[in-house]
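Taking our numbering, the leading residue of the sequence shown gets 35, the next gets one more, and so forth.
Built from N, CA and C at the ideal position, the CB exists for glycine as well.
Working notes for the structure below.
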Amino acid sequence: MYDAGEHTVAAIAETLGTSTATVYRELGRA
35 MYDAGEHTVA
45 AIAETLGTST
55 ATVYRELGRA
């Protein structure tokens, strides 16, 4: 979702029901 440039981190966080910090943390692990 993020790597393809189709969604922002904020949009992903909202979709997953989590915070942007959690999304950034998981992206860092990828």
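{"Query": "As assigned by DSSP and simplified to three states, the class of THR49", "Result": "helix"}
{"Query": "Euclidean distance between Cα positions of THR52 and TYR58", "Result": "11 angstroms"}
{"Query": "Between the CA atoms of THR42 and GLU48 - distance to the nearest angstrom", "Result": "10 angstroms"}
{"Query": "Close-in-space but distant-in-sequence residues of the same chain around THR63 (CB under 6 angstroms, 5 per side omitted)", "Result": "The question names Thr, but residue 63 is Arg in the sequence shown. Once the five neighbours on either side are set aside, ARG63 has no close Cβ partner at all."}
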